[in-house]
Amino acid sequence: MKIETSTGFDTVCIRGGHVTEGHRAHLTPIYASSTYVFESAEQAISVFKGDEKGYVYSRWGNPTITEAEEKIALLEAYKLTNSNGTPLQLKAILHASGMAAVTTMLLGNIKYGQKLITHQSLYGGTHELIEKILPGLGIQSIIVDFHDINKVEDALKADGNIGLMYLETPANPTLQCIDLEALSSLGKSYGLTVCVDNTFATPYLQQPFRYDVDYVMHSTTKFLNGHGTAIGGVVIGRDIEKMEGPMTKTHRLLGGNSNPFDAFLLTNGLKTFGIRMERHCSNAAKVAAFLEQHPAVGTVNYLGLASHPDHATAMRQMKNGGAMMSFELKDGFDAGVSFINKLKMCTNAVSLGTCDTLVSHAPSTTHMGVDRQQRLAFGITDGLIRMSVGMENVEDIISDLDQAMK
Ligand SMILES: *Cc1c(COP(=O)(O)O)cnc(C)c1O
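The numbering used here puts the first residue of the sequence shown at 3, with every later residue one more than the last.
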């Protein structure tokens, strides 16, 4: 179906990017084929020259993968326009994981001797990539408090080698938000490539391309897949020529391609994405309200609550408070451990964005290796529980949390 500017979000989720193929299958099959057959030597020549579009080899492209890519590009561009009023076109490239997507995005846009500027509260894997791998390739990072726009500008003035700005909002696990509009506009005014990790918010809640950023990436493992069935990542870009040229080249040579089975699972998950997010978010708002008044709970970090320090920023750039939260059990580390053990329904697991509610105790898991003083400085207190609110009946989620805090 042709997607018009009037097409609704859920319709795009269900129909966007689908092309009917040869055998009249309703759903795009899992094209488990590494290579593609040419009808003649002449056809091979014209495909290789780029005169004729066509699949060649599945690291380069695969019909099952294409459908997921097109759906995600349509969702990130949903109802956005270029400055001249025409609908925004985006191109997405699917990857084996969120980390593969970050790698392609960074290595495709920054070179030896250049620097990137970013902030403290990045996803752990991204932080480690920047700290442990990029310096060996001659790419240094400057870490600044992105809540303070003047500090960011001072850093940009002080160093002419900064080529890329990397943003992630909201961030794990305290849901800190940074101002996409202000940071992107500052970055662009200094000629930087601006990249955003939109995994936590998803295009349902937040569309960074509204603020002229160059790239958005996702770990599709989370809300986009939505069922916890596959690892995946995607890079989406607005410069189509660059995406089809150098970025596609970088992707193919780094080899972080997705595979048809995971892409099929992703496409299937995306069909219910809009509806899932509605339920995730309405459940989360109710769970946050319950936790906020509970005597065993201290701070509740949820962007929909006026008490969150970044509530105003979040409400400006996000549709609502989302489905992620964290909260502090007043009685500390042991209370956190005991709470996790007493849960009868909610799942004790890291990751996020699945139909099932996922709960984890940050200090004894994801932040186990972080020095306690440093962790406390980031707001990760001893009793901090992170929760990805699922789609179960909200009464069941609340009663499980309640009994585990007794
Ligand atoms: C999970 C995650 C990643 C990494 O994605 P993988 O699919 O695990 O490689 C990157 N950024 C954020 C915000 C994430 O939550």
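By construction, the Cβ of each residue, glycine as well, lies at the ideal position given by its N, Cα and C atoms. Quick caveat: nothing in here was measured; it's all calculated off a predicted structure.
Considering Cα atoms alone, identify which of the options is closest to residue i.
{"i": "residue 254", "options": "5, 344, 377, 63", "result": "63"}
{"i": "residue 196", "options": "204, 205, 406, 212", "result": "212"}
{"i": "residue 172", "options": "400, 408, 348, 318", "result": "318"}
{"i": "residue 295", "options": "47, 335, 331", "result": "331"}
{"i": "residue 353", "options": "46, 127, 116", "result": "127"}
{"i": "residue 31", "options": "190, 133, 266, 116", "result": "266"}
{"i": "residue 327", "options": "170, 124, 362", "result": "362"}
{"i": "residue 239", "options": "92, 388, 44, 251", "result": "92"}
{"i": "residue 374", "options": "176, 56, 383", "result": "383"}
{"i": "residue 350", "options": "337, 334, 367, 336", "result": "367"}
{"i": "residue 19", "options": "26, 60, 75", "result": "75"}
{"i": "residue 97", "options": "250, 13, 243", "result": "250"}
{"i": "residue 158", "options": "393, 139, 186", "result": "186"}
{"i": "residue 313", "options": "369, 231, 178, 360", "result": "178"}
{"i": "residue 190", "options": "165, 170, 316", "result": "165"}
{"i": "residue 65", "options": "102, 283, 262, 153", "result": "262"}
{"i": "residue 271", "options": "203, 356, 216, 257", "result": "356"}
{"i": "residue 243", "options": "203, 94, 100", "result": "94"}
{"i": "residue 180", "options": "160, 203, 194, 163", "result": "203"}
{"i": "residue 224", "options": "109, 359, 133, 131", "result": "359"}
{"i": "residue 408", "options": "376, 393, 344, 379", "result": "344"}
{"i": "residue 170", "options": "334, 100, 245", "result": "100"}
{"i": "residue 40", "options": "27, 54, 29", "result": "54"}
{"i": "residue 232", "options": "52, 141, 78, 269", "result": "269"}
Pull up the distance between the alpha-carbon of residue i and that of residue j, whole angstroms please.
{"i": "residue 35", "j": "residue 147", "result": "47 Å"}
{"i": "residue 299", "j": "residue 288", "result": "15 Å"}
{"i": "residue 398", "j": "residue 21", "result": "40 Å"}
{"i": "residue 118", "j": "residue 72", "result": "29 Å"}
{"i": "residue 396", "j": "residue 405", "result": "14 Å"}
{"i": "residue 247", "j": "residue 122", "result": "32 Å"}
{"i": "residue 325", "j": "residue 150", "result": "26 Å"}
{"i": "residue 279", "j": "residue 221", "result": "16 Å"}
{"i": "residue 87", "j": "residue 6", "result": "14 Å"}
{"i": "residue 307", "j": "residue 369", "result": "25 Å"}
{"i": "residue 340", "j": "residue 390", "result": "19 Å"}
{"i": "residue 305", "j": "residue 120", "result": "22 Å"}
{"i": "residue 16", "j": "residue 184", "result": "34 Å"}
{"i": "residue 277", "j": "residue 103", "result": "26 Å"}
{"i": "residue 60", "j": "residue 38", "result": "8 Å"}
{"i": "residue 416", "j": "residue 143", "result": "Outside the displayed span of the chain (3 to 408) sits residue 416, for which this structure offers no information."}
{"i": "residue 337", "j": "residue 286", "result": "22 Å"}
{"i": "residue 33", "j": "residue 47", "result": "23 Å"}
{"i": "residue 8", "j": "residue 25", "result": "31 Å"}
{"i": "residue 284", "j": "residue 394", "result": "11 Å"}
{"i": "residue 323", "j": "residue 27", "result": "39 Å"}
Go through its chain and collect everything with a Cβ distance to residue i's Cβ below 7 Å, but skip five positions before and after it.
{"i": "residue 210", "result": "182, 198, 200, 218"}
{"i": "residue 214", "result": "186, 190"}
{"i": "residue 192", "result": "158"}
{"i": "residue 302", "result": "290, 293, 294, 327, 329"}
For a test of your reading of the model: does the CB of residue i fall under 7 Å from any non-hydrogen atom of ligand 1? Yes or no.
{"i": "residue 223", "result": "yes"}
{"i": "residue 264", "result": "no"}
{"i": "residue 362", "result": "no"}
{"i": "residue 22", "result": "no"}
{"i": "residue 315", "result": "no"}
{"i": "residue 233", "result": "yes"}
{"i": "residue 359", "result": "no"}
{"i": "residue 170", "result": "yes"}
{"i": "residue 279", "result": "no"}
{"i": "residue 201", "result": "yes"}
{"i": "residue 128", "result": "yes"}
{"i": "residue 101", "result": "yes"}
{"i": "residue 38", "result": "no"}
{"i": "residue 125", "result": "yes"}
Leaving out the 5 sequence neighbours to the left and right, which residues in its chain are closer than 6 Å to residue i when beta-carbon positions are compared?
{"i": "residue 364", "result": "175, 382, 386, 388"}
{"i": "residue 321", "result": "207"}
{"i": "residue 275", "result": "15"}
Enumerate in chain order the residues of its own chain whose CB-to-CB distance from residue i is below 8 Å, with the five nearest sequence positions on each side excluded.
{"i": "residue 346", "result": "402, 405, 406"}
Would you please verify whether the beta carbon of residue i is less than 8 Å from any beta carbon of chain D?
{"i": "residue 109", "result": "This model lacks chain D altogether, as it is built from one protein chain only."}
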